[in-house]
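**Q**
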Amino acid sequence: MNIVVLVKQVFDTEAKIVIGADGRIDDSNVTMVMNPYDENATEEALLLKERLGGEVIAVAAGTPKAQETLRTALAMGADRAVLVSDPALQSVSDDYAAAQALAKAVSELKPDIILTGRVAIDYGSKIAGRVAEILGIPQVNTVTRLEVNGDKAVAAREIDGGSEVIEVTLPAVFSAQKSLNNPRYPTVAGIMKAKKKELKTLTLADLGLDATMSGKMQIVGYSLPAGRKGGRVIPGEPGQAAAELAKLLRSEAKVI
Amino acid sequence: MAKGIWVFVEQSNGNIRKVSLELLSQGRKLADEKGEELAAVIMGQNISALAGEAAKYGADKVYVADDEKLASYSTGAYTSVFAKLIRENEPNLVLLGNTAVGKDLAPRVATRVGVDAAIDCVGIEADAANYVNLTRPIYAGKALIKVVSPEARPVMATVRPNTFPVAEPVSKEAAVVNVPVAVDPADLGAILKELISQATGRPELTEANIIVSGGRGMKGPEDFVILEELADCLGASVGASRAAVDAGWREHKYQVGQTGKTVSPVLYIACGISGAIQHLAGMGSSKVIVAINKDPEANIFQVADYGIVGDLFQVVPALTAECKKLQA
Ligand SMILES: Cc1cc2nc3c(=O)[nH]c(=O)nc-3n(C[C@H](O)[C@H](O)[C@H](O)COP(=O)(O)OP(=O)(O)OC[C@H]3O[C@@H](n4cnc5c(N)ncnc54)[C@H](O)[C@@H]3O)c2cc1C
Ligand SMILES: Nc1ncnc2c1ncn2[C@@H]1O[C@H](COP(=O)(O)O)[C@@H](O)[C@H]1O
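Right, dumping it as structure tokens:
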């Protein structure tokens, strides 16, 4: 069983976003982490390997720094890792190009199962569906349970207002919801071992892709949302304050 | 010549979902500005009656794909039919709600027709050079980007619920086009085995006008009853902070925040929630925020339009009583 897990390096959730002098988002003082849902994807890949045997290969597209996130996946137990890194991809949110590059890197690994996170908490561009489409294989999003039997998998997934159970023929892409599992922490031994595991870096040219490949959409501006200000604190006993609040919500804010 | 603005109309239990009505309403405005046609695309089984509804919200034309193969949503069948329709008719703009279905379908269809799709947009403006420009939040709303598609058509986007108001329905007829349904065999790799509906009688969290959320201050799962009572009176949904979810009091799907759902209701009432950066990221774009917290220093008061410093176990039931009075 070849199991590929896509892991993205993202800003820590504590990060405050700062726009730099170049008008783009400044990443210079930000702690980077593995996208939280990719921890679930990695965990599931490792559980599948423990059950069915095979190899877990972690794949990322990003800057050279994204090696750190691949090392985290290796420390959790992945066998080897591939980083797709190319200046042409550096405009982080070039979703179309990133999906093409990831799909090409993944297809060369001949996977039976591809796991991703439900969403990347930075750009959330829906890479899983794009990769699945480029590879021409099924996708199952927001998976909360996954069972593999031979060349079939049965997955439960969250949908609006309920859930569904889907059977797919492998290979297929599954995006992990948080409730899928509890990700393990890398152990000290795992971290030591990870240093010796293979981590290959590929450029677009190495993948046989056009290095001038550009996306279909362009970012033309970054901004910060209008900051909110604290409003009014309503004084009084709970009963009085609640009455005043209800009145304000009705007559001033006009929202109830 | 590519032309027209399309809205993918999502339905649940025979009704058009609110986000689709929002998109039809906004699509109508854009179509008028551009002097183009607004078309609705409806897929499902026994859904022909919805065509008239879509017309009332502005559609000039309604593509109806009515077939048992589309009875419930599946990525493969819906992608097959929708992508073919786009290729044959070459619209300029295709909008979907940023719902579970929209997020699943849009990237797949976009990739098949060779374009990109902007996910979870909160703004669409007509743009002379690029047809439209789209605003989308990144880092769960901590920043925004403006994106354009200079050449590729259609421009595809999913749009966050509650971004645009629903227009008043008008009396209007639309041309109905019945779409032949053929699913590419390559799209049949997934089979739906079971569909479990968990109807709560409350609106979907991301689509709700009003959300009452509880945090660690709720003390336990039973206490959410007082939030549910308030929510029932307001017609609201009930959300939670991660602390409440991690404690096992609520399911993860009700978590609001950077690693939960991003919501933009008209009114968000945070009860016993301190206002951590990850929580604020998920609800900071709410129109009006109310905080009920016993700690006057709690961060949530920095963003709340109205705050009550007090014990939520006293304030919330009192607010429910006031709500009932208003409705009496
Ligand atoms: C990677 C990562 C991702 C995260 N993602 C999310 C996310 O998506 N969503 C999210 O919410 N958090 C998220 N968090 C967690 C976040 O940092 C906070 O820990 C969490 O939001 C705190 O929840 P809380 O406000 O309910 O609890 P607390 O911070 O403990 O606050 C409880 C509040 O209740 C008040 N209170 C207590 N009793 C009462 C009472 N009787 N009456 C009135 N007020 C009372 C207290 O004064 C306090 O302000 C994330 C954290 C990390 C590290
Ligand atoms: N640059 C990337 N490198 C590796 N994996 C990625 C990348 N972008 C997205 N992914 C994967 O796709 C998932 C969903 O991301 P997104 O579609 O951007 O929300 C993530 O959780 C990752 O598993």
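Chains as they are written, first to last, in my numbering: chain A, 79 to 334; chain B, 206 to 533. Beta carbons: idealized from backbone N, C-alpha and C, even for Gly. Here the structure is a predicted model, which means the values were calculated and not measured.
1. Could you tell me whether any non-hydrogen atom of ligand 1 is closer than 7 Å to the CB of residue 479/B?
2. Run through chain B and tell me which residues come within less than 9 Å of residue 302/A, C-beta to C-beta.
3. Using a C-beta to C-beta distance shorter than 8 Å, which residues of chain A count as neighbours of residue 457/B?
4. By alpha-carbon positions, which one of 265/B, 262/B, 463/B and 451/B ends up nearest to residue 113/A?
5. Should residue 139/A be counted as a contact of ligand 2 given a C-beta to heavy atom distance under 7 Å?
6. Return helix, strand or coil for residue 170/A, following the three-state DSSP convention.
7. Interface residues of chain A around residue 464/B at Cβ under 8 Å?
8. Within its chain, find whatever has a CB closer than 7 Å to the CB of residue 395/B; leave out the 5 residues flanking it on each side and keep chain order.
9. Hey, would you say residue 300/A sits closer than 8 Å to residue 102/A, going by beta carbons?
10. Say the cut is 7 Å; is the CB of residue 84/A nearer than that to a heavy atom of ligand 2?
11. Within the same chain, show all residues whose beta-carbon is closer than 6 Å to that of residue 110/A, passing over the 5 residues directly before and after it, in chain order.
12. Restricting to runs no shorter than 4 residues, where is the alpha helix (DSSP H) found entirely within the segment 301 to 371 of chain B?
13. How many Å lie between residue 224/A and residue 133/A at the Cα?
14. With H, G and I counted as helix, E and B as strand and the rest as coil, what does DSSP make of residue 281/A?
15. In whole angstroms, give me the CA-to-CA distance for residue 227/B and residue 327/A.
16. Is DSSP giving residue 296/A helix, strand or coil here?
17. Should the segment 245 to 252 of chain A be regarded as contacting the segment 153 to 168 of chain A, the criterion being three or more beta carbon pairs within less than 8 Å?
18. For residue 332/B, verify whether its CB is less than 7 Å away from any heavy atom of ligand 1.
19. Does residue 80/A come out as helix, strand or coil in the three-state DSSP assignment?
20. Against chain B, which members of the segment 213 to 225 of chain A pass a CB distance test of less than 8 Å?
21. Could you check the C-alpha separation between residue 435/B and residue 408/B for me, to the nearest Å?
22. Go to residue 329/A, then tell me how far its alpha helix (DSSP H) extends in each direction, as first and last residue.
23. Run down chain B in chain order and give the residues with a C-beta less than 7 Å from the C-beta of residue 246/A.
24. Under DSSP, the beta strand (DSSP E) around residue 247/A begins and ends at which residues?
25. Per the DSSP calculation, residue 194/A is bridged to which residue(s)?
26. With residue 84/A and residue 180/A assumed to form a contact (beta carbons below 8 Å), what rounded beta-carbon distance in angstroms separates them?
27. If I'm right that residue 160/A touches residue 282/A with Cβ under 8 Å, what's the distance once you round it to whole angstroms?
28. I'd like to know if residue 510/B contacts chain A, where contact means its C-beta is closer than 8 Å to some C-beta of that chain.
29. Just how far apart, CA to CA, sit residue 405/B and residue 445/B?
30. When the Cα of residue 448/B is compared with those of 431/B, 469/B, 428/B and 424/B, which residue comes out closest?
**A** The short version:
1. Result yes, Cβ under 7 Å from ligand 1.
2. Simply 347, 348 and 349.
3. What residue 457/B touches in chain A: 255, 256 and 257.
4. It is 463/B.
5. True, at least one ligand heavy atom lies under 7 Å from that Cβ.
6. Model confidence at residue 170/A stands at a pLDDT of 47, short of 50, so the residue's coordinates are unreliable; what they give is reported in the following sentence. It is coil, neither helix nor strand.
7. The contacting residues are 91, 114, 115, 199 and 256.
8. The beta carbon of residue 395/B lies closer than 7 Å to those of 279, 280 and 281 in the same chain, with the five residues before and after it left out.
9. Residue 300/A places its beta carbon less than 8 Å from that of residue 102/A.
10. Relative to ligand 2, the nearest heavy atom lies less than 7 Å away from the CB of residue 84/A.
11. Same-chain partners within the cutoff: 87.
12. Correct list: 305 to 318.
13. Pairing residue 224/A with residue 133/A, the inter-Cα distance amounts to about 18 Å.
14. Coil, per DSSP.
15. So the two alpha carbons sit approximately 24 Å from each other.
16. Three-state result, residue 296/A: strand.
17. The segment 245 to 252 of chain A vs the segment 153 to 168 of chain A: no contact.
18. Checking the 7 Å criterion, the Cβ of residue 332/B is out of range of every heavy atom belonging to ligand 1.
19. If DSSP states are grouped into helix, strand and coil, residue 80/A belongs with the strands.
20. Cβ contacts with chain B: 214, 215, 216, 217, 218, 219 and 220.
21. As the crow flies, the alpha-carbon of residue 435/B is around 14 Å from that of residue 408/B.
22. Run containing residue 329/A: 316 to 329, per the alpha helix (DSSP H) assignment.
23. Residues of chain B passing the Cβ test: 394 and 395.
24. 240 to 247 is the span of the beta strand (DSSP E), which, as asked, contains residue 247/A.
25. Paired residue(s): 253/A.
26. About 6 Å separates the two Cβ atoms, so the contact holds.
27. Beta-carbon to beta-carbon, residue 160/A and residue 282/A are separated by about 13 Å, too far to satisfy the 8 Å threshold.
28. Interface flag for residue 510/B against chain A is set, since a Cβ pair is found closer than 8 Å.
29. Distance between the alpha carbons of residue 405/B and residue 445/B: 16 Å.
30. Residue 424/B holds the alpha-carbon nearest to the alpha-carbon of residue 448/B among 431/B, 469/B, 428/B and 424/B.
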